[in-house]
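Working notes, structure below.
Number of protein chains: 2
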Amino acid sequence: MRGENLGELEELVLLTVGSLYPEAYAPVIKKELAEKMDRKVVMSSIHTVLTRLENKQFVCSRFGDSTPERGGKRKRLFEVTPEGFKALESLKSKRDALWGNMLQLMPNLQ
Amino acid sequence: MRGENLGELEELVLLTVGSLYPEAYAPVIKKELAEKMDRKVVMSSIHTVLTRLENKQFVCSRFGDSTPERGGKRKRLFEVTPEGFKALESLKSKRDALWGNMLQLMPNLQ
DNA sequence: TAATTATTTCTACAAATCAGAACATTATAA
DNA sequence: TTATAATGTTCTGATTTGTAGAAATAATTA
């Protein structure tokens, strides 16, 4: 590992950030992951991954408005960067190609 | 990690085993991963992952013919089990759903 | 000011992945 | 018979990725 690959959870979180645009922040990412992917993780895992994704330049972040009608810290909102999108796209297209081969070779399992 | 998720490399190797049916064994898996996925890994990583996948019942293995026209130990051939195929399918369909949402929300990045 | 709420940050550990080396096995070549 | 080539296995140790809980922070409400 030379820090260039996207881990399993990293990819999922990145994808979720994209699917939640433009209101992606840790708690809703956690919720979405649980609901859509059956993937239960604690909040701090989401944050850890988000930080790593930001270091890899696959997401960028900014703080939300400071006067919402609620208590609590400001939301930290995340967005997928063009680099992040490319990374996702590249993974998907390659995986899809392998899927195509597999379905062709083992049509009985479909 | 509670040992129940399919890691990034585990998924790729599993998919590659399927796409190479019925001649999937470590060296060609390594080659295929490098060529189709730009994913360079050393042989021992493939073995490690294959062993884990077999423990998870996502692949099964048998030894190849003992009289091939080549030197070396017998090939250990791997196949995706129905459970393995289901795991791949489940991941794919969930990820594709997130992809759909993302493309809808950020069509500018396409 | 204190309590409550929502979220982020810190810290530490576990699991997955990576890399290289030593060794075993089988067939062919010398 | 010995050497060589082509596998495959196993081990050891390092790095990256994933997990979990506690602590800290910032905003609102009492």
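Those sequence lines, one after another, are chains H and B.
My numbering applies: residue 1 is where the first sequence begins, and numbers increase by one.
My numbering applies: residue 111 is where the second sequence begins, and numbers increase by one.
Quick reminder that beta carbons are idealized off the backbone N, C-alpha and C, glycines included.
All values derive from a computational prediction rather than experimental measurement.
Enclosing beta strand (DSSP E) for residue i [first to last residue]
i              : result
E189 (chain B) : 186-190
R62 (chain H)  : 59-63
Burial state of residue i (16 or more Cβ within 10 Å)
i              : result
K141 (chain B) : exposed
L187 (chain B) : buried
L130 (chain B) : buried
G182 (chain B) : exposed
E4 (chain H)   : exposed
V80 (chain H)  : buried
C185 (chain B) : Correcting the residue identity first, residue 185 (chain B) is Lys in this sequence and not Cys. Flag for K185 (chain B) reads buried.
G128 (chain B) : buried
V49 (chain H)  : buried
F173 (chain B) : exposed
L213 (chain B) : exposed
E120 (chain B) : buried
V169 (chain B) : buried
V42 (chain H)  : exposed
D96 (chain H)  : exposed
Limits of the alpha helix (DSSP H) - the one that residue i falls within
i              : result
R149 (chain B) : Careful: R149 (chain B) lies outside any alpha helix (DSSP H) and carries neither H nor E.
E8 (chain H)   : 8-19
Assigned secondary structure, residue i (DSSP; H/G/I helix, E/B strand, else coil)
i              : result
Q220 (chain B) : Here Q220 (chain B) scores only 47 on pLDDT, less than 50, and its place in the model is too uncertain to base an answer on.
Q.
Between the region 25-41 of chain H and the region 88-97 of chain H, can you find at least three pairs of beta-carbon atoms closer than 8 Å?
A. no
Q: Check whether the region 111-125 of chain B touches the region 187-197 of chain B, counting contact only when three or more Cβ pairs, one atom from each stretch, lie closer than 8 Å.
A: yes
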